[in-house]
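All remarks here apply to the structure that follows.
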Amino acid sequence: MMTIAMIGIGAVGAVYANLLNQDETTELYCVMDDKRKERYVREGMNVNGKETNLNYVTPSEVNKGIDYVIFTVKNTQLHAAMDLAQSIVDERTTFLSLLNGIDSERELSERFGEDRVLYGLTNGIDATKNLHDVFYTYPGTLYFGEKRNEQITERVQQLQAVFERAQIPSVVPVDMERQLWHKFMVNVGVNAVSAISRSTHGVLRDSEELLNVSKRAMNEVIQVANANNIDLTERMVDEFFENVWTKVGYSGKTSMLQDIEAKRKSENDYFAKRVIEMAKKHGIPVPVNETLYAFVHHEEKRF
Numbered sequence: 001m002m003t004i005a006m007i008g009i010g011a012v013g014a015v016y017a018n019l020l021n022q023d024e025t026t027e028l029y030c031v032m033d034d035k036r037k038e039r040y041v042r043e044g045m046n047v048n049g050k051e052t053n054l055n056y057v058t059p060s061e062v063n064k065g066i067d068y069v070i071f072t073v074k075n076t077q078l079h080a081a082m083d084l085a086q087s088i089v090d091e092r093t094t095f096l097s098l099l100n101g102i103d104s105e106r107e108l109s110e111r112f113g114e115d116r117v118l119y120g121l122t123n124g125i126d127a128t129k130n131l132h133d134v135f136y137t138y139p140g141t142l143y144f145g146e147k148r149n150e151q152i153t154e155r156v157q158q159l160q161a162v163f164e165r166a167q168i169p170s171v172v173p174v175d176m177e178r179q180l181w182h183k184f185m186v187n188v189g190v191n192a193v194s195a196i197s198r199s200t201h202g203v204l205r206d207s208e209e210l211l212n213v214s215k216r217a218m219n220e221v222i223q224v225a226n227a228n229n230i231d232l233t234e235r236m237v238d239e240f241f242e243n244v245w246t247k248v249g250y251s252g253k254t255s256m257l258q259d260i261e262a263k264r265k266s267e268n269d270y271f272a273k274r275v276i277e278m279a280k281k282h283g284i285p286v287p288v289n290e291t292l293y294a295f296v297h298h299e300e301k302r303f
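Numbering of the sequence shown is given in the numbering used here, commencing with residue 1 and proceeding in unit increments.
And the structure:
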């Protein structure tokens with residue numbers, strides 16, 4: 001029996017937790033603090049209109065060794081999530097981050113050790129959360145693995161088998177670091193534009209003007225990536241909008257748009273701001289990202 005702890009039962013976390021929970025060979029713990037547990041137990045969690053039967057626990061209630069910890073929190077919540085994980089893991093536990101951005105793997109490595117951390121991301125999932133209801137039309141694809149995967153390690157094979165049984169589409173890329181940067185490029189391109197314009201996936205997809213801004217922001221990320229020896233190309237921008245963006249639901253919303261609508265602090269500091277910081281080190285102009293960052297930051301100051 002594989003034991004998995006998931007920390008972060010938001011939109012994405014609820015979708016994957018619900019799928020993992022249907023695999024009889026996996027024992028899933030949804031780990032959270034006392035206050036959150038009380039709320040989740042009281043209100044429950046529905047995915048696509050159906051009640052889930054998730055196992056909500058506090059760290060003190062985990063009574064088995066944990067094989068994998070999967071983080072699906074926001075970047076702003078990562079340190080608190082690592083604190084929750086600290087007391088339920090041992091030397092054999094492997095950590096998988098599905099956070100946006102390019103920093104969580106480094107932070108997990110600094111806390112738990114680089115050799116215990118897998119790289120991960122989700123691509124194309126269109127989950128939207130409203131109170132205790134989560135809706136999605138496409139579960140996306142989960143990309144994960146070691147930093148490089150010329151040969152797939154046993155722990156990656158085991159986790160991939162779990163995802164397959166849970167009907168979670170997954171891919172193990174040879175160059176996972178590059179894949180992480182690719183997702184970062186996408187997040188930078190679509191999140192801020194959608195949040196500022198209050199656009200759903202479909203509205204953004206149908207607007208030539210908004211898509212042009214997104215693509216320009218993504219091309220700035222490519223310049224920064226190349227300066228950091230990450231091989232991203234402009235063709236990848238077109239491939240994303242042609243092959244992935246066409247699959248997401250029309251009414252779906254980016255995480256940043258959901259944050260802005262809920263008057264929560266977004267991951268703006270982990271998207272456009274990170275581009276600006278890295279670009280400055282290499283003397284690369286990134287005017288589109290500077291503008292997007294300023295607009296979102298101004299919006300957040302009004303909360």
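Where a beta carbon is used, it is the ideal one built from N, C-alpha and C, also for glycine.
Owing to the predicted nature of the structure, the values given are computational and were not obtained by experimental measurement.
- Counting only residues of its own chain and dropping the five nearest sequence neighbours on each side, residue 112 has a CB closer than 7 Å to the CB of 95.
- Burial state of residue 32 is buried, judged by a 10 Å Cβ sphere holding 16 or more other Cβ atoms.
- Excluding residues up to 5 positions away in sequence, 101, 102 and 221 lie with their Cβ nearer than 7 Å to the Cβ of residue 184 in the same chain.
- Residue 97: member of the beta strand (DSSP E) spanning 94-97, first to last residue.
- Nearest neighbour of residue 286 by Cα position, chosen from 245, 151 and 213, turns out to be 213.
- By the C-beta criterion, the region 244-251 is judged to be in contact with the region 192-206, since at least 3 inter-stretch pairs fall below 8 Å.
- According to the DSSP assignment, residue 295 belongs to no beta strand (DSSP E) but to the alpha helix (DSSP H) extending over 287-301.
- Straight-line spacing of the CA atoms in residue 125 and residue 169 works out to 11 Å.
- Close CB contacts of residue 90 within its chain, under the 8 Å cut and outside five residues either way in sequence, are with 65 and 66 (chain order).
- Assigned with DSSP and collapsed to three states, residue 115 falls in helix.
- Scanning its chain for C-beta atoms nearer than 7 Å, with the 5 sequence neighbours on each side dropped, one finds around residue 171 the residues 141 and 143, in chain order.
- DSSP places residue 215 in the uninterrupted alpha helix (DSSP H) bounded by 208-227.
- Between the region 49-56 and the region 65-84 there are fewer than three C-beta pairs closer than 8 Å, too few to call the two in contact.
- DSSP links residue 5 through a beta bridge to 29 and 69.
- Take the alpha-carbon of residue 108 and the one of residue 238: they are about 32 Å apart.
- Contact between residue 44 and residue 129 does not hold, since the beta-carbon distance rounds to 13 Å and is not under 8 Å.
- Residue 265 is classed as exposed because its beta carbon has fewer than 16 other beta carbons within 10 Å across all chains shown.
- Using a 10 angstroms sphere on the CB of residue 167, the tally of other CB atoms stays under 16, which defines it as exposed.
- Counting along the chain, residue 18 sits inside no beta strand (DSSP E); it lies in the alpha helix (DSSP H) bounded by residues 11-20.
- With respect to the 8 Å criterion, residue 26 and residue 7 are not classified as neighbours on the basis of their beta carbons.
- The beta carbon of residue 137 sits closer than 8 Å to those of 126, 248, 249 and 252, all from its chain and outside the five residues before and after it, given in chain order.
- Counting C-beta atoms within 10 angstroms of its own C-beta, residue 301 has fewer than 16 neighbours from the protein chains shown and is therefore classed as exposed.
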